[in-house]
Every structure is written in C-alpha cells, then in structure tokens.
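The structure appears below as structure tokens.
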Amino acid sequence: MKHILTAALLLGCSQLFAQKGPVKDSADGKFYNAASAGRTLKIDASVVTSHEVTIKGQRVPYKVTAGSLPVWDEEGKAIAGVFYTYFERTGVSNQGARPLVFSFNGGPGTASVWMQIGYTGPRVLKIDDEGYPVQPYGLKDNPHSVLDVADIVYVDPVNTGFSRTANKDVPGSKFFGVNQDVKYLAEWINTFITRYNRWASPKYLVGESYGTTRVSGLALELQNAQWIYVNGVVLVSPTELGIERSGPAEAALRLPYYAATAWYHKALAADLQQKDLPQMLQEVETFTIREYMPALAEGGFLSEARKKEIAAKVGRFSGLSEKAVLQNNLDVPLNFFWKELLRERGYTVGRLDSRYLGLDRRDAGDRVDFNAELTSWLHSFTPAINMYLREELKYKTDLKYYMFGPVFPWDNNGNRTGENLRQAMAQNPFLHVFIQSGYYDGACDYFNAKYSMWQLDPSGRMKDRLSWEGYRSGHMMYLRKDDLATSNEHLRQFILKAIPKNGQAAKY
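In terms of mature numbering (1 follows the signal peptide of the UniProt record, and there is no 0), the sequence shown is residues -18 to -1, 1 to 490.
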C-alpha cells in the first residue's frame, strides 16, 4: 500500500502483556510459555499453538509461533521488538531443510496482515468470490496455501502490527528509511534463522507493494552483510524499485492499466470489448511502446495532426474522450482518470483495485474523494486479524495492532533497490525472481511492473530467471477467489522450481 497515512499514532513506551497461562502444543503434548505477564514491551517472547488444514486435498498439520524477536544495535543492545507469525508444517522429515518464506507487506508502514490472511496463509478472510467484505467477519481455511511446500514467516517491521521500539528514546531514524529498513531487517532475519535453526533451508523473500522495494534491497543486503543467499524473490504488485521512468515513459506506461479498467467497466468500443482481456491489452501495449511513448517524447513539437491522431487512439484505449485527452496534452493523470472514466454514470473507480466503485460528493472535479477499495478492505481485514491473533493464535495483548503505523518521515534517499536486486542475481546464479501483478491495480500497475522487469537486467543474460504473471484483479489479486487459487499455485511452482537439483553447483 503505497503512500498511505493514517491518524493512529501511539506515543511513548508501548505496553504489552501476554497470556498469563501456558499454551499447550497438541502436536507433542509439551507446554510453551507465552510472554511474561506485565505491562512492558516484551521484545523476545512468543506463544505456540497447533492446527491443521487441508491443502489441495491433503491434510497438513502445522504449528504457529506468534511472538517478537529483538533488533540489536551495534553494541548488542535490543532496541526494538519485531513481531512475527511463523507457520511450520509438522509431521514431516528433515524439517530444517524445508523451504522457508519471509513475507512482508508494504506502505511503508503496513503490517503483514494482508498477505497473511489474504493470500498465502492457511487461514484467509471470509469475503465473497470477487473480494468484497461480508458479515459476520471472520476467517476460513485456505485450501490453496503454500504451507504444504514451504514454512512461512510473516514479518511486521517496526511500528507496524505489534512491533515497537524498546522505549521512546530509540530514534525512528534507525528504522524509517529505504536503506535503514533493509539493514535492520537483514540483521533480524539472521537472528530468526539462527534461533529456529533454518540455515539449511532454501530461502525466499516475498514482498507486496512497498514490500517489493524492501525485499529487493534485502536480497543484496543479506548476501553482502549477513552471508545469506536466497533462492527466490517474489514481487507482488511491485513499486518502481528506484528504476528511472520520468517524462514520456512515466506517462505512457499508464495506458494499458487504463485500458484494462475501461474494459472491465465496459467503457470501450464494441470491437475492443468483445476481445478477451489479454488479447486486447497486447494491442494497447504495442501502441504504447511504438507510438504513444515516441509521440510524448516530441512534446510541444509534435504536429497538430499527429497529436489529434494519438489523442484519438489514447481515447479509444482508455475509455476517455478525445477532448479530455487533448485537454491534458496527451498525458492523462491517474487522479483524473479515476474521476473521469465513469463520471457520466455517477461513480469513481478505485486506485488499488479499479473494479471497486466510489461515490463522491459531487461529480465535478479532477480528484476522487476517497479510495473505494481501501475502505472496503479495512472494513473486513481489521476485525479479522485482531480476532485471529488474539483468539486463535492466543497472543494476548492490549497493544493496538497497527494496520498502518507511524513511520513517517520516511527517508527515500538512495533508493537503488532495483539495481541491488540485479546485483544480487548476478552474484547468485541460484536466485530467481517472480513478479505478480493485477491488471486493475492503479497504484503499482502491471505494465510498469513489466517495464521494471525489462529494465532490471539490460544485458538480457538473466532473463531466464525473471518471470511475470498477470491476474484479473487489483493490487491484492488474491482477494478474488479464482486468483487466490491461481496465484498460490504459481507461487508454489516457483518455490519448487527455484530449488537447485541435488549436487548442482552455483556457477555460470
């Protein structure tokens, strides 16, 4: 979730108390103590519970560790506690060698809730088949979870979820920035791997939205500073990763997303509407690269005749009028598009998922009043994650679970995460990258994701380790029932494919 601020701030010392009694792990009959009771932050404490789920028709028993591990400073002092939920399949041989996935969401400033109970976890949100909230709120088993092939750690960076600094004197500047974020989380991952003896496991980083910036940077930081080499990086609805695309490229790359949105809302000409979405988008992508971008590059020196010709085509593919395109000098802003596309019908379209409709106070104007999809998601995710952690996973605390936490100001200087990912791939022949995009995502649109993939390795020599998939939904493509199944299966196959064959050497 990119650039979303919330008013919820918690100042001073965070206070946490955990369940006073022990929690029984039914898998082995042992008791695992929860965090000590009290009203101070316990930055190194956990509870363990046992569960089972059916995945792809197979019974999968598992245990969940919910807790926090410390972030250490240079002097070995704990300065923060990072909250995590660790899902381990039980009843399998060679547990320590199973694939291990570290999962992050974005923001910066969002918790891991979205992918945990929306995508890959064994319990997912109760929503309808298209992803809209239903009541009563709650969770259901996820028959598509990748827990059958990999253990999963959902990580909440500092000031998200239940994660907090050790005390109010710890400066946020140690955590809140592109490079600061990557540095301390790499150190934390080392602590986790050591604590849970997962050094033998093939390792994967999964990030969504800003989380893709995070995991792209982590891939190199883990190699260079922690000597941890990962097998796969998964970019779900990726950001720009610090890859330059201003000017004509930035403007032109939006058009395929506009076309997908207009197609969904049946706002295109009949000949385009009768085509299937990928078929129609192929035509738009070709126009974008071969005609639209070069025309924008000519700027004010583009001939009037050519300008009108391009405007007509942009209007045809975007669902907007030629007049509206010309009034914007061929460069149609996102905010204007969300407001304009369905203006005559009295609706706006969502930013993170353009299938969602909003109602503004008035139809006039160039900006929408609110993000229709985000209010819908918070409607259902917030009660569900709180019930899940506190009731099913037995993590008892009075702390507020930060869906969006106070992490600003955020230092964006020196964002070279795309280049860092390229370097990590170059240094590690075993590292593969998989990108997942929703066609209706207007925040991190699918064609920009493709562009990032194309630009990531200009040499083209690593393109066999780069792959992309598109889905007929938005930023959180997994909320749509069909895409929940498909995206998890794509991820499952990626995890298995990225494991080297026994005895295979890491060399070019």
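All C-beta atoms, glycine included, are put in the ideal place defined by N, C-alpha and C.
Quick caveat: nothing in here was measured; it's all calculated off a predicted structure.
Check your understanding: According to DSSP, is Arg21 helix, strand or coil?
Key -> With a pLDDT of only 43 at Arg21, under 50, the local geometry of the prediction cannot be trusted, and the value read off the model is given with reservation. Arg21: coil per DSSP, three-state reduction.
Exercise for review: Report yes or no: do the region 371 to 388 and the region 138 to 153 share at least 3 C-beta pairs separated by less than 8 angstroms?
Suggested key: yes
Review point. Excluding the five sequence neighbours on either side, which residues of its own chain have a C-beta within less than 7 angstroms of the C-beta of Ser321, listed in chain order?
Key: A quick correction: the sequence has Lys, not Ser, at residue 321. So the qualifying residues of the chain are Thr330, Gly347, Asp348, Arg349, Val350.
Practice item. Please report how far the alpha carbon of Ala467 lies from the alpha carbon of Tyr338, in whole angstroms. Key: 21 angstroms
Practice item. Out of Ala79, Asn397, Ser50, Pro104, state which residue places its alpha-carbon closest to the alpha-carbon of Pro43. Key: Pro104
Check your understanding: Roughly how many angstroms separate the alpha carbons of Trp170 and Leu51, rounded to a whole number?
Key -> 8 angstroms
Point to revise | the region 169 to 183 / the region 61 to 80 touching (three or more Cβ pairs under 8 angstroms) | key: yes
Exercise for review: Report the option in Gly229, Met262, Phe299, Phe363 whose CA atom is closest to the CA atom of Gly281.
Suggested key: Gly229
**Study point:** Distance CB(Ser434)-CB(Tyr428) smaller than 8 angstroms
**Key:** no
Point to revise | Sheet register partners of Thr364 (DSSP bridge) | key: In the DSSP output, where bridge partners are listed per residue, Thr364 has none listed.
Review point. When we look at the beta-carbon of Leu323 and count the other beta-carbons within 10 Å, is it buried (16 or more) or exposed?
Key: buried
Check your understanding: Under a three-way DSSP split, which group does Gln256 fall into?
Key -> coil
**Study point:** Alpha carbon of Ala19 to alpha carbon of Ile25, nearest angstrom
**Key:** Here Ala19 scores only 36 on pLDDT, less than 50, and its place in the model is too uncertain to base an answer on.
Exercise for review: Return the first residue and the last residue of the alpha helix (DSSP H) that Gln309 is part of.
Suggested key: 304 to 309
Practice item. Determine, using beta carbons only, whether Thr270 and Pro238 come nearer to each other than 8 angstroms. Key: yes
Check your understanding: Applying the criterion that 16 or more other CB atoms from any shown protein chain within 10 Å of the CB defines a buried residue, is Glu424 buried or exposed?
Key -> A quick correction: the sequence has Gly, not Glu, at residue 424. Buried.
Exercise for review: Could you name the residues that DSSP lists as bridge partners for Tyr192?
Suggested key: None, per the DSSP bridge assignment.
Review point. Considering only residues of the same chain and omitting the five flanking positions on each side of Val35, which have a CB-CB separation below 6 angstroms?
Key: Val42, Pro104, Asp123
Practice item. Might you give, ordered along the chain, the residues of its own chain that have their beta carbon closer than 8 angstroms to the beta carbon of Arg325, omitting 5 neighbours on each side? Key: Asp345
Exercise for review: Indicate the three-state DSSP secondary structure (helix, strand or coil) for Lys45 in the structure shown.
Suggested key: strand
Review point. Can you tell me whether DSSP reads Lys378 as helix, strand or coil?
Key: coil
Check your understanding: Is Tyr186 helix, strand or coil when you go by DSSP?
Key -> strand
Check your understanding: Quick one: Cα of Arg398 to Cα of Asp110, how far?
Key -> 39 angstroms
Point to revise | Same chain only: Cβ atoms within 6 angstroms of Val218, ignoring 5 sequence neighbours per side | key: Glu190, Gln418
Practice item. For Gly193, collect the residues of the same chain with a Cβ closer than 6 angstroms to its Cβ; drop the 5 residues on either side in sequence, then sort them by chain order. Key: Phe86, Asn87, Gly88
Check your understanding: Would you report the Cα separation of Val314 and Leu167, rounded to the nearest angstrom?
Key -> 38 angstroms
Check your understanding: Under 8 angstroms between the Cβ atoms of Thr72 and Gln98?
Key -> no
Exercise for review: Measure the C-alpha to C-alpha separation of Tyr476 and Tyr274 and round it to an integer number of angstroms.
Suggested key: The identity of residue 476 in the sequence shown is Phe, whereas the question assumes Tyr. Using only the alpha carbons, I get a separation of about 34 angstroms.
Review point. Are Gly328 and Gly340 closer than 8 angstroms when you measure CB to CB?
Key: no
Point to revise | Beta-carbon contacts of Gly3 that lie in its chain and below 7 angstroms, excluding the five residues immediately before and after | key: With a pLDDT of 33 at Gly3, under the threshold of 50, the predicted position of this residue should be treated as unreliable, though the coordinate-derived value follows. So no residue of the chain qualifies.
Point to revise | Extent of the continuous beta strand (DSSP E) run through Thr67 | key: 60 to 71
Exercise for review: Output the boundary residues of the alpha helix (DSSP H) element that contains His472.
Suggested key: 463 to 479
Exercise for review: Would you kindly work out how many angstroms separate the C-alpha atoms of Ala9 and Tyr101, rounded to a whole number?
Suggested key: With a pLDDT of 39 at Ala9, under the threshold of 50, the modelled position of this residue cannot be trusted; read the value that follows with caution. Going from the Cα of Ala9 to the Cα of Tyr101 covers about 25 angstroms.
Review point. Does the ligand MN have even one heavy atom less than 7 angstroms from the beta-carbon of Ala132?
Key: The ligand content of the structure shown is nil, which means the ligand MN is not present either.
Practice item. Give the single residue among Phe158, Leu129, Trp54 whose Cα lies nearest to the Cα of Gly91. Key: Phe158
Point to revise | Proximity below 8 angstroms, CB of Ala241 to CB of Ala148 | key: no
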